[in-house]
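Chemist: The structure's right below; bear with me while I get my questions together.
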Amino acid sequence: MAERIGFIGLGIMGKPMAKNLLKAGYEVTVYDIVGEPVEELVTDGAQRAASNKEVAANCEKIITMVPDSAESEMAILGPDGVLEGARSGSIVIDMSSIAPLVSQKIAAECAKKGVEMLDAPVSGGEVGAINAALAIMVGGKQEVFDKCLDVMKTVGSNVVLTGDIGAGGITKLANQIIVAANIEALSEAFVLAQKAGVDPEKVFNAIRGGLAGSTVMEAKGPMMLDRNFQAGFRIRLHQKDLRNVLQTGQELNVPLPVTALVQQMLGALINDGEGDADHSAILHHLEGMAKVEVKRGG
Ligand code: NAD
Numbered sequence: 054m055a056e057r058i059g060f061i062g063l064g065i066m067g068k069p070m071a072k073n074l075l076k077a078g079y080e081v082t083v084y085d086i087v088g089e090p091v092e093e094l095v096t097d098g099a100q101r102a103a104s105n106k107e108v109a110a111n112c113e114k115i116i117t118m119v120p121d122s123a124e125s126e127m128a129i130l131g132p133d134g135v136l137e138g139a140r141s142g143s144i145v146i147d148m149s150s151i152a153p154l155v156s157q158k159i160a161a162e163c164a165k166k167g168v169e170m171l172d173a174p175v176s177g178g179e180v181g182a183i184n185a186a187l188a189i190m191v192g193g194k195q196e197v198f199d200k201c202l203d204v205m206k207t208v209g210s211n212v213v214l215t216g217d218i219g220a221g222g223i224t225k226l227a228n229q230i231i232v233a234a235n236i237e238a239l240s241e242a243f244v245l246a247q248k249a250g251v252d253p254e255k256v257f258n259a260i261r262g263g264l265a266g267s268t269v270m271e272a273k274g275p276m277m278l279d280r281n282f283q284a285g286f287r288i289r290l291h292q293k294d295l296r297n298v299l300q301t302g303q304e305l306n307v308p309l310p311v312t313a314l315v316q317q318m319l320g321a322l323i324n325d326g327e328g329d330a331d332h333s334a335i336l337h338h339l340e341g342m343a344k345v346e347v348k349r350g351g
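So in our numbering, spot 140 of the sequence shown is number 193, and the numbers just go up one at a time.
The structure is reproduced here in structure tokens:
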């Protein structure tokens, strides 16, 4: 009989991930507080659960993919949550990007009932979720990781255990610092070139193969030059991630000055009504300060 997997949180990321599990032959039981994606998954062959508790009662491995720490806590520890339905030996795989210290707190509560947990946030965006090509960074026990590797490989292409519970989240926060700082630096570079009368596209083509070149530059440079800010990854989600970075830094007494600055810029962009724009729209903030608009041709 096919293994049963529970899937909670069928948003931009969770819906295609759950579909990939179905395609791979798993029996998938789903729940979301919003009805529409549940209906879609049921049409595709998933079982419907009436609550997070019911998902956990039906499945020994339960994936959660919700927005942030508060929603993970609610889905797993809250009333009618996963922990109420889970049995000793069940495993919660929280793939949401949340504060690592909250992952540790949730895992400690799960452990009281003999329920294991991995924190396993992802990188790769909606396209990576659709193509089952996510990078998955995992924290937890080696033996629990080993038991869940097949299911994680079904939704991702690169799955790495980086340490104990919370280490997956720390790895994701490290990733988000680097991506945010790169986008901000690229924005500054384009704005400077534009104001100097040098075509930003030529600057991009001249430097992309050198030391400044990066995956971020390749993904976000053309979007900026096209002035296409349609969200792959939303400003408000990146602001949330950097808030978790700064909270974690504060708890560990680690100053993170550049992250703090970019987090403030993202907050200002949300106030400007750009919360749902792609994070490449950090460019707008720099353009606003320099009173210039980046465009091809200089
Ligand atoms: P989303 O807002 O599209 O989806 C979240 C889903 O969780 C929604 O359908 C919501 O109804 C559901 N939900 C919220 N609380 C719930 C609860 N208590 N019980 C059941 N369902 C609940 O978000 P998303 O873009 O799919 O992102 C999910 C996570 O993945 C976030 O932590 C995000 O930072 C991370 N992430 C997103 C991307 C991306 O490109 N979108 C990339 C990498 C990581």
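C-beta atoms are modelled at their ideal positions from N, C-alpha and C, and glycine is treated no differently.
Quick check: the Cα distance between Leu245 and Gly67, rounded to an integer number of angstroms?
Modeler: 39 Å
Chemist: So, are the CB atoms of Ala99 and Val83 less than 7 Å apart?
Modeler: yes
Chemist: For Val298, tell me which candidate among Gly131, Ile151, Lys72, Pro132 has the shortest Cα-Cα distance.
Modeler: Ile151
Chemist: State the DSSP-derived secondary structure class of Arg101, mapped to helix, strand or coil.
Modeler: strand
Chemist: Measuring CA to CA, which of Val175, Ser176, Ala160 is closest to Glu169?
Modeler: Ala160
Chemist: What are the partner residues of Glu80, as DSSP defines its beta bridges?
Modeler: According to DSSP, which records beta bridges pairwise, Glu80 is partnered with Arg57.
Chemist: Could you tell me whether any non-hydrogen atom of ligand 1 is closer than 6 Å to the CB of Gly209?
Modeler: Every heavy atom of ligand 1 is 6 Å or more from the Cβ of Gly209, so no.
Chemist: Is Ala110 close to ligand 1? I mean its beta-carbon at under 6 Å from any heavy atom of the ligand.
Modeler: no
Chemist: Just grab the DSSP bridge partners of Met170 for me.
Modeler: For Met170, the beta-bridge partners assigned by DSSP are Val145.
Chemist: Where does Ser122 fall in DSSP's three states?
Modeler: helix
Chemist: Considering Ser210, what are the terminal residues of the alpha helix (DSSP H) in which it resides?
Modeler: Premise fails: Ser210 lies in the beta strand (DSSP E), 209-216, not in any alpha helix (DSSP H).
Chemist: Taking 6 Å as the cut-off, is the CB of Met170 close to at least one heavy atom of ligand 1?
Modeler: no
Chemist: Between the alpha carbons of Gly351 and Gly285, how many angstroms are there, rounded?
Modeler: 26 Å
Chemist: Whose C-beta lies closer than 7 Å to the C-beta of Leu63 among residues of the same chain, with five residues either side of it excluded?
Modeler: Cβ neighbours of Leu63 beyond the five flanking positions: Ala71, Val83, Asp85, Pro90, Val91, Leu94.
Chemist: By DSSP, does Leu63 sit in helix, in strand, or in coil?
Modeler: coil
Chemist: Using the beta-carbon count (16 or more within 10 Å), is Val347 buried or exposed?
Modeler: buried
Chemist: If I measure Cβ to Cβ from Arg287 and keep anything under 6 Å in the same chain, skipping five residues before and after, which residues do I get?
Modeler: Asp329
Chemist: For Ala272, report the span of its alpha helix (DSSP H) as first-last.
Modeler: Where Ala272 is concerned, the enclosing alpha helix (DSSP H) stretches over 268-279.
Chemist: Measure how close the beta-carbons of Leu202 and Val212 come, nearest whole angstrom, since I'm counting them as under 8 Å.
Modeler: 6 Å
Chemist: What residue range does the beta strand (DSSP E) around Ile151 cover?
Modeler: It is not in any beta strand (DSSP E) - Ile151 carries neither H nor E in the DSSP assignment.
Chemist: Measure the CB-CB distance between Ala334 and Glu340 and report whether it falls below 7 Å.
Modeler: no
Chemist: Quick one: what does DSSP say Leu187 is sitting in, helix, strand or coil?
Modeler: strand
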